[in-house]
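The next block holds one structure in the form of structure tokens; read it before the comments.
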Amino acid sequence: MSELRIMRGREWARPVRPARREVLSAVPEVEEGRPPLLFVPGFGHGAWAFAEHWLGHAASRGFPAFAMSLRGHGASEPAPEATLRAYAHDVVQVAAGLPRQAVLVGHGAGALVVAHALARYPARGAVLVAPVFGGWGVLGAALRRNPAGTLPAVFGGPLRLNRGQLFSRELPDEEARRYVGRLGRAGRRAQWALLGEPAAEPAVGAPPVLVMGSPDDRVVPSSTLTRVARRYGSAPLLFPGMGHDLMLDARWVEPIDAILDWLEKEPAAH
Amino acid sequence: MSTSTDHGRPDPSAQGRDAAPVSDRGDTVCVIGAGASGLTAIKNLREHGFGVDCYERETGVGGAWNWRHDRSPVYASTHLLSSKPFTQFPDFPMPDSWPDYPHHSQLLSYFERYADHFDLRSHIWFGTEVVRVEPAEGDRWDVTTRSTGGYGPERTSRYAAVLIANGHNWSPKLPRYEGLEEFRGEIMHASSYKDPAQLRGKRVLVVGAGNTGCDIAVEAAQQASRCWHSSRRGYWYAPKYVFGRPADQVNDALLALRVPLRVRQWLYHWTLRLTVGDLTRFGLPKPDHRVYETHPIANSQLVYYVGHGAIGPVPDVARFHPYAVELTDGREIDPEVVIFATGYLPRFEFLGASVFADSAGAGRPTLWLNAFTPGHPTLAVAGLLQPDSGMFTLAHWQTVLFARVLQARRDRPERAAAFAQRVRERAGERYSGQVKESSRHWFEVGHADYLRAVQRALLDLEAK
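First to last, the protein sequences are chains F and E. Offset between the first sequence (1-based) and this note's numbering: plus 2. Offset between the second sequence (1-based) and this note's numbering: plus 7.
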């Protein structure tokens, strides 16, 4: 992680241009004083990926739940030239707009966006689900599993993930096809940024961070999970047999229950 | 939520002055004031694990920015002088939908949302003013409070540390003029100016060319039948936009490139010459200093109205007559209303004179980083700054540093001792280039120099 930096002239001189954002929500009928959750989807995914199962489930357990689409994704404003910084800006804007201090939950490259957002917003806690933190290892794995879908991205084209990378065999084919059909693409500059493994500044407010994923994830190798978790001083929570998209795969309820259980136990997250 | 908001039972072993019972609040920190600096202090102290009791004399948050407060200096048209990125707290951005320069009512709603978002109100005692802050043994503090207005009994609580965030823009500074008492017209300080309706159809003299004075002159230009604007010296009137961008963003782009001050001054003069033009042609005095040597004035409209004849620039006031004002160039003018936009002085009336080593009692304490008191490691002031940019970012990092110093006192006493030593050695340090000596510039800091100094202090404290 890079050092604390409080004089941010470059950042102030060039503020991120605002973009219209899609935010979906599911709030419990009775306000129970639990912290709101903000789900941040990874590259190619939109708020819909969480609206499918996790939003409703979190609300049914008493947590106000929100899911957003990064600019250029889902129903947010198109943004072909979006950068990682613009994505992190979007997350901080939505989080600061919630009525109370939020827990940020990022999936895939959305976990990297959350890691950057944590340096600009004191979240109550953070969950990094199957985090894609970039680097050549991730590119190598993707090229091996899905060369045709990955190679164009290296040259600024779209990154196309396939069913085998995202889901386990337990998920019915028809559903998997439907999800893959909804995938969009991230901006090319943001995609390229992944190669550089962009280091996030330290998180402000020392939030507790939970890292989770699947040892059978075909996008994120187990070694990456361990490395990211170590960066936040813990070990990853594992869900064997699941694909990269833990929120859409057949056993989606296990990881979300684990997140909510963790939030209920974590003293700092209250 | 912990019990940090209940007042502890009076501890019979602790006896304050006059043998009144003192309730011991343990490791809790006392914050005085729930304005911008006080709110960020509560949030950051809580974030670092401290219990906080904040005393606020008014019934709402926002301090000076809450127009309902009787000490609030805002007027109906007050807008920010620094653009959003410089104004907002560094970890709680203003909404994207707000303009570059938000209005004061938006700022109040920003502070209210900040307080709710981080659940700060449960730590604030509203309608309670601080009467006395006295040192107790072990670097602790006895804070005596009572209901605002002096009703009800006083109560004294003992705290591990005190953070003063009482603001410095509420006690008007009024210059002395010969004959002022005999003047028959209306006289007011800018602090009581609220609405342009107060000026409608009148002959108005505005004294003072700070940002407030210029704002009021611009409003008088549109509402009054006649407007004179008196200034002691010539100033640089910077437009709020240059090259199609907020001017402070252009300036920080240069700062980020580490362009030296001389070059930035030259570029600034050159930009002003191209956009605003030669001010002496309008009858405004020529500035007697280079830009960046006085507090910057951001006003795009003043020169516009001078150019339309709606504002008459005049020199300093020499003396008042019953129905006229004599100027230093011998001219006489006949205003009905005189508004003194002559600034404010800080006041710490609850603090004994010995604490701040402010021998003159003028309200100018000798501090390090404008915040830390030599000899009193558990006392700090937040927001006693006049930055060339937004203030809340600076107050945020001041209070983060204070919280880390208090943590170090507990966990790494040798680090805290080294910090206290640095406070003694460096008290009184300045964080701006050469500025004109005047009470107006007592607390002037350049935001880049200041933040770099705070960052160094933070990293030194944390070094292995």
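We treat Cβ as the ideally placed atom computed from N, Cα and C, and that holds for glycine.
- How close, in whole Å, do the beta carbons of F:G151 and F:R165 come, if the pair is a contact with beta carbons under 8 angstroms? Here residue 151 of chain F corresponds to residue number 149 of the first sequence, with the count starting at 1. Here residue 165 of chain F corresponds to residue number 163 of the first sequence, with the count starting at 1. Not confirmed; about 11 angstroms, so no contact.
- Using the Cα positions of E:D18 and E:D31, report the straight-line distance between them to the nearest angstrom. Position 11 of the second sequence holds residue 18 of chain E. Position 24 of the second sequence holds residue 31 of chain E. Because E:D18 carries a pLDDT of 46, less than 50, the predicted location of this residue cannot be relied on, and the following value inherits that uncertainty. Spanning the two alpha carbons is a distance of roughly 6 angstroms.
- Message: Counting only C-beta atoms, is E:H124 closer than 8 angstroms to chain F at any point?
- Response: For the purposes of this step, residue 124 of chain E is taken as the residue at position 117 of the second sequence. Answer yes: the Cβ-Cβ gap between E:H124 and chain F drops below 8 angstroms somewhere.
- Tell whether a beta-carbon distance below 8 angstroms holds between E:P320 and E:L334. As a first step, residue 320 of chain E is located in the second sequence; it is residue number 313 there, counting from the start. As a first step, residue 334 of chain E is located in the second sequence; it is residue number 327 there, counting from the start. No, these two residues do not count as a Cβ contact at 8 angstroms.
- Item | Nearest to E:R379 (by Cα), restricted to the options E:S396, E:D395, E:F357 and E:A402 | Taking the second sequence and counting its residues from 1, one reaches residue 379 of chain E at position 372. The amino acid at residue 379 of chain E is misidentified as Arg; the sequence shows Phe. Looking at the Cα atoms, E:A402 is the closest of the given residues.
- Message: DSSP three-state label for E:A444, please.
- Response: The residue labelled residue 444 of chain E in the question sits at position 437 within the second sequence. Note that residue 444 of chain E is Glu in the sequence shown, not Ala. Residue state, collapsed to three classes: coil.
- Message: Looking at the strands, I want to know which residues DSSP matches up with E:H86.
- Response: Reading the second sequence from its first residue, position 79 is the one you call residue 86 of chain E. Its beta-bridge partners are E:H110.
- Item | Partner residues on chain F for E:Q462, Cβ-Cβ distance less than 8 angstroms | As a position in the second sequence, residue 462 of chain E is number 455, starting the count at 1. Chain F residues near E:Q462: L6, R7, I8 and M9.
- Query: For E:T12, does the three-state DSSP call read helix, strand or coil?
  - Reply: Looking up residue 12 of chain E in the second sequence gives position 5. Bear in mind that a pLDDT of 41 at E:T12, under 50, signals an unreliable position, so the model cannot answer this.
- Query: Exposed or buried, E:L159, counting other C-beta atoms within 10 Å across all chains shown (16 or more means buried)?
  - Reply: Position 152 of the second sequence, counted from the start, is the residue given in the question as residue 159 of chain E. Before going further, note that residue 159 of chain E is Gly rather than Leu in the sequence given. Exposed.
- Query: Alpha carbon to alpha carbon, how far is E:V430 from E:R371?
  - Reply: Working through the second sequence from its first residue, we reach residue 430 of chain E at position 423. Working through the second sequence from its first residue, we reach residue 371 of chain E at position 364. Using only the alpha carbons, I get a separation of about 16 angstroms.
- Just reading off the alpha helix (DSSP H) that E:S238 is part of, what are its end residues? Indexing the second sequence from 1 puts residue 238 of chain E at position 231. Element bounds for E:S238: n/a, residue is neither H nor E.
- For E:C231, which of E:A204, E:G174, E:P97 and E:T278 has the nearest alpha-carbon? The residue you call residue 231 of chain E lines up with position 224 of the second sequence. Reading the sequence as shown, one finds Ala at residue 231 of chain E and not Cys. Ranking the options by Cα distance to E:A231, first place goes to E:A204.
- May I ask you to report which of helix, strand or coil DSSP gives E:A143? Stepping through the second sequence from its first residue, residue 143 of chain E is reached at position 136. E:A143: strand per DSSP, three-state reduction.
- Which chain E residues are close to F:R12, counting only those with a beta carbon under 7 angstroms from its beta carbon? Position 10 of the first sequence, counted from the start, is the residue given in the question as residue 12 of chain F. Near F:R12 (Cβ distances below 7 angstroms), the residues of chain E are A263.
- According to DSSP, is E:H55 helix, strand or coil? Translated into positions along the second sequence, residue 55 of chain E becomes position 48. Three-state DSSP puts E:H55 in coil, outside helix and strand.
- Message: Residues of the segment 234-256 of chain E in Cβ contact with chain F at a cutoff of 7 angstroms, in chain order, please.
- Response: Q256
- Query: At a Cβ threshold of 8 angstroms, is E:T10 touching chain F?
  - Reply: Residue mapping note: residue 10 of chain E aligns to position 3 of the second sequence, counting from 1. The pLDDT assigned to E:T10 is 40, lower than 50, so where the model puts this residue is not dependable, and the model offers no usable value.
- Step through the CB atoms of chain E and report whether any lies within less than 8 angstroms of the CB of F:P124. For the purposes of this step, residue 124 of chain F is taken as residue 122 along the first sequence, with counting starting at 1. Answer yes: the Cβ-Cβ gap between F:P124 and chain E drops below 8 angstroms somewhere.
- If you drop the 5 nearest sequence neighbours on each side, which residues of the same chain put their C-beta closer than 8 angstroms to that of F:G136? As a first step, residue 136 of chain F must be located in the first sequence, where it is residue number 134. A111, L114, A195, L196, L197, G198, E199 and P200.
- For E:P394, return the contacting residues in chain F, with the cut-off set at a CB-CB distance below 8 angstroms. Here residue 394 of chain E refers to the residue found at position 387 when the second sequence is read from its first residue. Going along chain F, no residue has its Cβ under 8 angstroms from E:P394, so there is no contact; the nearest lies around 12 angstroms.
- Proximity to F:G159 [Cα-Cα], best of F:R190, F:V206 and F:A178: Position 157 of the first sequence, counting from 1, holds the residue named residue 159 of chain F. Minimum Cα distance to F:G159 is reached at F:R190.
- Task: Entirely within the segment 397-452 of chain E and at least 4 residues each: give me those alpha helix (DSSP H) ranges in chain order.
- Result: 399-418 and 420-433
- Mind checking whether E:F327 and E:E185 have CB atoms under 8 angstroms apart? For the purposes of this step, residue 327 of chain E is taken as residue 320 along the second sequence, with counting starting at 1. For the purposes of this step, residue 185 of chain E is taken as residue 178 along the second sequence, with counting starting at 1. Yes.
- Buried versus exposed call for E:H315 [16 or more other C-beta atoms within 10 Å across all chains shown]: The residue you call residue 315 of chain E lines up with position 308 of the second sequence. It counts as exposed.
- Query: Alpha carbon to alpha carbon, what distance is there between F:P210 and F:E268?
  - Reply: As a position in the first sequence, residue 268 of chain F is number 266, starting the count at 1. As a position in the first sequence, residue 210 of chain F is number 208, starting the count at 1. If you take the alpha carbons of F:E268 and F:P210, they lie about 8 angstroms apart.
- Query: Would F:E266 be called buried (16 or more neighbouring beta carbons within 10 Å of its own) or exposed?
  - Reply: As a working mapping, residue 266 of chain F is identified with position 264 in the first sequence. So F:E266 ends up on the exposed side.
- Message: By the DSSP assignment, the alpha helix (DSSP H) with E:V332 in it spans what residues?
- Response: As a first step, residue 332 of chain E is located in the second sequence; it is residue number 325 there, counting from the start. Taken as a continuous stretch (DSSP letters only), E:V332 belongs to no alpha helix (DSSP H), being part of the beta strand (DSSP E) at V332 to L334.
- Classification of E:P381 by the beta-carbon crowding that lies within 10 angstroms, buried from 16 upward: Taking the second sequence and counting its residues from 1, one reaches residue 381 of chain E at position 374. Looking at its Cβ environment, which holds 16 or more other Cβ atoms inside 10 Å, E:P381 is buried.
- For F:V206, return the contacting residues in chain E, with the cut-off set at a CB-CB distance below 7 angstroms. By 1-based counting over the first sequence, the position of residue 206 of chain F is 204. Those are D98, listed as they occur along chain E.
- Query: What residue from E:P182, E:W177 and E:L465 has the CA that sits closest to E:V345's CA?
  - Reply: The residue given as residue 345 of chain E occupies position 338 in the second sequence. Ranking the options by Cα distance to E:V345, first place goes to E:P182.
- Item | Secondary structure of E:R354, DSSP reduced to three states | The residue you call residue 354 of chain E lines up with position 347 of the second sequence. Correct three-state label for E:R354: coil.
- Any idea if E:Y351 is buried or exposed, counting beta-carbon neighbours within 10 angstroms, 16 or more meaning buried? Looking up residue 351 of chain E in the second sequence gives position 344. Buried, since its Cβ has 16 or more Cβ neighbours within 10 Å.
- Message: For a cutoff of 8 angstroms on Cβ pairs, would you count E:D467 as touching chain F?
- Response: For the purposes of this step, residue 467 of chain E is taken as residue 460 along the second sequence, with counting starting at 1. Not an interface residue.
- Helix, strand or coil: which one does DSSP assign to E:A305? Walking along the second sequence from the start, residue 305 of chain E turns up at place 298. Residue state, collapsed to three classes: strand.
- Message: With distance defined between alpha-carbon atoms, name the residue in E:H383, E:D341, E:L376 and E:W375 nearest to E:S361.
- Response: For the purposes of this step, residue 361 of chain E is taken as residue 354 along the second sequence, with counting starting at 1. Looking at the Cα atoms, E:H383 is the closest of the given residues.
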